[in-house]
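A.B. asks: Next up is a structure, given as structure tokens.
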Amino acid sequence: MTKRHVFLIALLAALALAGCHKADGEKPADAAAETAQEQAGQTEDGLLRLAVNADIVTMDVHKTTNDYIVPMNVFDTLFSIKKKGDGSTEIVNRLAETYEISEDGLTYHFTLRDGVVFSDGTPLTAQDVKFTFERMLTLPDSAQTDYAIAIDGAQELLDQKADSLRGITVEDDRNFTITLAEPFAGFIASLATPPTSIFSEKLVTDAGDAFGVEPEKTIGTGPYIIREWVRGSRLVFEYNPKYWGDEPSVKRVEVVVMEPQVMSMAFQKGDLDVLDCFLLDAAIVNSTYKTDTYKDRLVSTERLGLNFLMLNEKIEPLNNVQVRKAIQQAIDREAILKSIYDGDGKLEDGIFPTGCLGYSSNNQGWLPYNPAAAKKLLADAGFADGFDLELCLDSTATDSVKNTIQVIAQNLNDVGIRASIRSLDHASYLDLRNSGDMTAYWALWLLDFNDPDNIIYTFFGSRDNTKVRSNNYADDAVIERVAEAKTIVDETKRFKEYEALEKKIVEEDAAIVPMFSLKHLYVIGDRVKHFTPHWAGWNDVYFEDTVL
Amino acid sequence: MKAERKRNTGQELFRACLHNKAALISGLIILLIILLSTFAPLFTHYDETGQDLMNRLMPPGNGHLFGTDELGRDVFTRILYGTRVSLLIALLPTALAAALGTALGICAASFRGATDFIIMRLADIMLSIPGMLFAMVVLYTLGGSLASVVISLILIEWGETARVVRSVTLKLRESEFVEASVSAGAGGLHVMIWHILPNLLPTIIVLFTLNIPASILSESALSFLGIGIQPPQVSLGLMTGASRQYLFQMPWLALAPAGMIMVIVLSFHFFGDALRDILDPGRRTA
Amino acid sequence: MKGLLARMFGVVIVLIGVIALIFIMLWVIPGDPATVLLNDHVSQANIDRLTQSMGLDKSLPEQFFGYMKGILTGDFGSSYFMQQPVLSLILENFPYTLRLTLLAIAFSWTLGIASGVISAVCHEHFLDYLFRGTAVLGISVPVFMVALFLQYLFYYRFSLLPLTYDGSFVSLILPAVALGWNSAGSVARLMRSELMEQLDAPYIDTAKAKGLTYKKAVLAHALRNAAPSVITLMALQLSGMLSGAVITESVFSIPGLGQLALTAVQTRDMPLLQGTVIFTALLIAVGNILADMINTMLDPRLRTE
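Residue numbers (our numbering), protein chains in the order written: chain A, 1 to 548; chain B, 549 to 834; chain C, 835 to 1139.
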């Protein structure tokens, strides 16, 4: 009786408000949403419905290092990376039709694909490429300077000592040359990542502040046009009829922002076409989706990245290599992988994850779980009674990471290290890590482009890098070698050097505790015939690779 | 003489509680919960942080009354220990905020003028910032812990009490019996303690019992956002928040702590209401 | 009139206090928008550059007075994080929160007042407990649990209502119930306790003596006399609603002020946080002044104050 009452009252209130609502005229945003829904209803074919757990901040990739869903689908890069049947990756030409590298590995000559236009009809020219890289370096709030810094003259432009980027020479509308300051073997691969998406000089200049904020002013050459962006709520993409490539099967994409537990409900009711299991607990995925009903609809890909525990060598007693080695052996990585991640991954003993170029099986299989040995190492190092250790946790981390940290703390306590967990909100966490004072933390690095440099340089490439990653790795000679490795032109020699560096940093110096690489699981709905995850297992996907 | 009268009031109150069904039942439940959580180790042989990765997410049974959680810890044990923290969060910041709010509210109403202005503007400032946001900023500054949750709750709760107490005090001061006692020569402090405060009590108790659920729920909301009590420490709000993912597949994980929150909140609610009925000055004088 | 002017003066003081408080708090808490923007792809050089371009390397007084100068000329600045003018972001998001809050308040008042009256009239009757139970259920369960259950029931089980906000009106019902139920309990119990106090008052006996039925006596007199406290509570509720909106909006993906403020705190986006807080503070101040005005109209005794 009471419940019915409550419901009635709710209904009455709702109706009353509905009346008011209609009377004072529709709000434009609502009207747009409703017509969008109608359209969606009519063009049922070609509609792909996805969910993400956090909205993007900007559509301008020069101002973000996180939000790649718009650049990946609305813009284009010179190259792209595709995953082959055997799991290895290859670089495919996109906007660049051909390219040549000089023998010294310094000069790259490119020819652009003919007839590429932006979605409003503006033709793509070589000058746009130059403009894009110059913008990366000159925009006051650019977050992507790293992708242009290898180019000759980039540092001068960044320091405002030059007016243009001398390393890029435009020959004609389709031909241009890029000269690097030093050889960089990963350069072509870096041109396949979303941050190096090519913008139009004319369109970006015309749009001014609206670029990256207003959908109609954010125009690229990619397969899709961004139609609508309601902050904190949803993104709508539509096929770009002027796209130079093949017409994709997906014509319209609606991306909704949702809490993870809500996504699962929406998927089961058929309101989502793809469910990203990354944010769900493995146990839920196991009990709900690894079942007879869904097991044929599971898509799995390797996340090309390493999960590891970072140890700060600046903080006592982590400055003692014996202590770090003890920690390495004290953690039951296999149990964590098996229980918390339901075995969907692979133990890693190195810094380069499986699938990463430069991965070496020589550096695998040396790290056992051996709490007894860990205790002995601790005792030998003079810490028989243990010590206090603070594990830092980002409060926005996934539940799986939070659980992992708690297990690690328990593992460490079992060998006598009094580990405590310090949870910090995202911004405070980053601030502490960047300051170089974070004691130990759970780190994940997903490859931006498939080159060993991408991961090892990030963490051990310079004094500054070791500081902002709070590892404060002590061996300057090794740091120098890491920085130099990227300039080795001979590939075999280069990978040999990376193998040696990996052994030195992870096995001999125990700078990190390598944990595992994980699989990225998706469940796809009945309407999706073929779903292709990102080659490196990122959360964002290229819509055009999906077939309905 | 005065002490005598006080004891009588206490006894009267106790006897009245015994006669009021709602007060008796809810009071007993509160007592039971306090005992259960205080003597938690007597009721369970598990450790609240003891992990058992091989037996994670077990359904109720097999020696686990409410099953095990995502790290194989006994949910029943964690509820007992979580209740300790949640009771602390229910009572401590609420009581401190009520005391602070009452004191400031009475001050504002008695002194008026600049004191009143400053106190009430301070209260306005606190009440103008949505409590959740303010609590977040405090927690970000101090880091998530029991102490920071308590501090942030005091900060967001005192203003409301101060404002209500002030307005009721003003009303009371105008009322006939206070005017009568003032004209009979009673001093300010005397009037405050013997005439205004007792008459404020029902209001304060209603606000206090209102704020108990509010405190528990604020803590759970903060835990939902991941910034309240931090593991390995456990609170009911944290347990509910952390198990929301499992709500439909493993409902016991979220329902058990949520149920406990409900029982605590409802008990305090009904107890507070009953107490208000008993303390009602209109009835007592009648 | 003079009273109103004084109130306005008070509001201005409060706003300045709010701005100063938020400034200091954001100064004290670690982290800044530059680090959040760079996130994992961070380098020391980029931190330094971004910090400078956002003006975060300036001293506290310099930032404060710079900001105040902007406010006085009607410029609320640009969000560091979202790189858009704060005012346009707020105006874009506010209508969603307004709709949600109005609907939630309507729900909570209807349920709260109804159950409060019934509780008071049928005191200690089983109906009393039933209604108190329903109203109090809302304050005894965390908002996100209520939200999840509503979603489960009305979307997953019975396919009656949309799961998240999709721009349509019906998709606002669940969030409004989740948000409003919470405060319905508070309205109900205050209503009940005030009414019961009023029912003991001598004038009710007089009214009954005058031949009014008990129910009419309640409605005609007690309700009116209990109104001031309830209206004061409602004004206070506004702030609670805006707090609750933070959670409700994120569970139901409503692009409202709550989410904006949440992002602002999380990313230490000073201009955005200031903007949203000033905006809500103004709303709450207006709500309080309105409540007082209504109270004064209902209860002439308060006019002497």
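No residue lacks a Cβ here, since even glycine has one placed at the ideal position from N, Cα and C.
Since the structure is predicted, the reported quantities are computational estimates derived from the model, not experimental observations.
1. If you draw a straight line from the C-alpha of Met579 (chain A) to the C-alpha of Asn472 (chain A), how long is it?
2. Measure the C-alpha to C-alpha separation of Cys655 (chain B) and Leu718 (chain B) and round it to an integer number of angstroms.
3. Measuring only the C-alpha atoms, how far is Ser420 (chain A) from Ser634 (chain B)?
4. Please list the terminal residues of the continuous beta strand (DSSP E) segment that includes Asp394 (chain A).
5. Under 9 Å between beta-carbons, which chain A residues line up against Arg626 (chain B)? List them in chain order, please.
6. Residue range of the alpha helix (DSSP H) that Arg481 (chain A) falls in?
7. Taking Gly844 (chain C) as the query, report the chain B residues whose CB atoms sit under 9 Å from its CB, ordered along the chain.
8. Which residue comes first and which comes last in the alpha helix (DSSP H) that contains Pro71 (chain A)?
9. Alpha carbon to alpha carbon, what distance is there between Thr1110 (chain C) and Cys565 (chain B)?
10. Name the chain E residues whose beta carbon is nearer than 7 Å to that of Gly865 (chain C)?
11. Assign Val321 (chain A) to one of three DSSP states: helix, strand, or coil.
12. Quick one: does Ala954 (chain C) have its CB under 8 Å from some CB of chain B?
13. Mapping DSSP to helix, strand and coil, what is Lys569 (chain B)?
14. With DSSP run on the structure shown, which of helix, strand or coil describes Pro746 (chain B)?
15. Please look up how many angstroms separate the CB atoms of Leu391 (chain A) and Tyr441 (chain A), rounded, as I've assumed it's under 8 Å.
16. Measuring alpha carbon to alpha carbon, tell me which residue in A:Val468, A:Asn450, A:Glu491, A:Asp509 is nearest Val478 (chain A).
17. Among the candidates A:Lys486, A:Asp296, A:Pro371, A:Val523, whose CA atom is the shortest distance from the CA of Leu357 (chain A)?
18. Specify the secondary structure class of Ile1088 (chain C) as computed by DSSP and reduced to three states.
19. Residues of chain C with a CB under 8 Å from the CB of Gly679 (chain B): which are they?
20. Report the three-state DSSP secondary structure of Asn608 (chain A) (helix, strand or coil).
21. For a minimum of 4 consecutive residues, which ranges assigned as the alpha helix (DSSP H) are wholly contained in the segment 386-463 of chain A?
22. By the 10 Å Cβ neighbour count, where 16 or more other Cβ atoms means buried, how is Ile1004 (chain C) classified, buried or exposed?
23. On the premise that Pro976 (chain C) lies in contact with Ser723 (chain B), defined as a C-beta separation below 8 Å, what is that separation, rounded to the nearest angstrom?
24. Name the residue from C:Ser942, C:Pro996, C:Tyr990 whose alpha carbon lies nearest to the alpha carbon of Val970 (chain C).
25. Which residue's Cα is closest to the Cα of Ala822 (chain B): B:Gly785, B:Val754, B:Phe772?
26. Does any CB atom of chain A fall closer than 8 Å to the CB of Glu596 (chain B)?
27. Tell me which residues share the same chain as Thr196 (chain A) and place their Cβ nearer than 6 Å to its Cβ, disregarding the 5 neighbours each side in the sequence.
28. Check each residue of the segment 699-725 of chain B: if its Cβ is closer than 8 Å to any Cβ of chain C, include it; give the result in chain order.
29. Output needed for Ser1077 (chain C): all residues of its chain with C-beta closer than 7 Å, excluding positions within five of it in sequence on either side, in chain order.
30. At which residues does the beta strand (DSSP E) containing Tyr239 (chain A) begin and terminate?
31. Per DSSP, what are the beta-bridge partners of Pro514 (chain A) in this structure?
32. Within a Cβ cutoff of 6 Å, which residues of the same chain sit near Asn759 (chain B), ignoring the five residues on either side of it in sequence?
33. Along chain C, in chain order, which residues have C-beta atoms closer than 9 Å to that of Ala252 (chain A)?
34. Taking a Cβ distance cut-off of 7 Å, strictly less, list which residues of the segment 762-780 of chain B are near chain C, in chain order.
35. Using the rule of at least 16 other Cβ atoms within 10 Å of the residue's Cβ for burial, across every protein chain shown, is Gly649 (chain B) buried or exposed?
36. From the beta carbon of Val52 (chain A), is the nearest beta carbon of chain B less than 8 Å away?
C.D. replies: According to the data block:
1. Outside the shown range of chain A, which is 1 to 548, sits residue 579 (chain A), and nothing can be said about it.
2. Going by C-alpha positions, Cys655 (chain B) is about 11 Å away from Leu718 (chain B).
3. C-alpha separation (whole angstroms): 21 Å.
4. Unbroken beta strand (DSSP E) run through Asp394 (chain A): 388-394.
5. Simply none; closest approach about 13 Å.
6. Per DSSP, the continuous alpha helix (DSSP H) segment holding Arg481 (chain A) begins and ends at 476-485.
7. Correct list: Phe665, Met668, Arg669, Asp672.
8. Per DSSP, the continuous alpha helix (DSSP H) segment holding Pro71 (chain A) begins and ends at 69-74.
9. Note on geometry: alpha-carbon atoms of Cys565 (chain B) and Thr1110 (chain C) lie some 47 Å from one another.
10. Among the protein chains of the structure shown, namely A, B and C, there is no chain E.
11. Reduced to three states, the DSSP call for Val321 (chain A) is helix.
12. By the rule that beta-carbons nearer than 8 Å mark a contact, Ala954 (chain C) does not touch chain B.
13. In this structure, Lys569 (chain B) counts as helix in the three-state DSSP scheme.
14. It is helical.
15. Rounded, the Cβ-Cβ distance is 7 Å, consistent with contact.
16. Looking at the Cα atoms, A:Asp509 is the closest of the given residues.
17. For Leu357 (chain A), the nearest C-alpha among the options comes from A:Lys486.
18. DSSP places Ile1088 (chain C) in the coil class of the three-state scheme, outside both helix and strand.
19. Under the 8 Å cutoff, chain C gives Ser1073, Gly1074, Ser1077.
20. Past the edges of chain A, shown from 1 to 548, lies residue 608 (chain A), and the structure says nothing about it.
21. Complete alpha helix (DSSP H) runs here, min 4: 399-414, 426-434, 452-460.
22. The question names Ile, but residue 1004 (chain C) is Val in the sequence shown. It is exposed - the Cβ of Val1004 (chain C) has fewer than 16 other Cβ atoms within 10 Å.
23. Going by Cβ atoms, the distance from Ser723 (chain B) to Pro976 (chain C) rounds to 40 Å, so no, they are not a contact pair.
24. Distance check between Val970 (chain C) and each of C:Ser942, C:Pro996, C:Tyr990 places C:Ser942 closest, using alpha-carbon atoms only.
25. The candidate whose alpha carbon is nearest that of Ala822 (chain B) is B:Val754.
26. Answer no: the Cβ-Cβ gap between Glu596 (chain B) and chain A never drops below 8 Å.
27. Cβ within range, chain order: Thr77, Tyr147.
28. Those would be Glu708, Arg711, Val712, Ser715, Leu718, Glu722, in chain order.
29. Cβ contact annotation for Ser1077 (chain C) (same chain, cutoff 7 Å, sequence separation greater than five): none.
30. Per DSSP, Tyr239 (chain A) is one residue of the beta strand (DSSP E) stretching across 234-239.
31. Pro514 (chain A) pairs with A:Phe308.
32. Within the same chain, Cβ atoms closer than 6 Å to the Cβ of Asn759 (chain B) are found at Thr642, Glu705, the five residues on either side in sequence being excluded.
33. According to the sequence shown, residue 252 (chain A) is Arg rather than Ala. Within chain C, no residue has its beta carbon less than 9 Å from that of Arg252 (chain A); the closest one is some 15 Å off.
34. Going along the segment 762-780 of chain B in chain order, one finds Leu765, Ser768, Ala769, Phe772 with a Cβ nearer than 7 Å to chain C.
35. So Gly649 (chain B) counts as buried.
36. Val52 (chain A) does not count as touching chain B.
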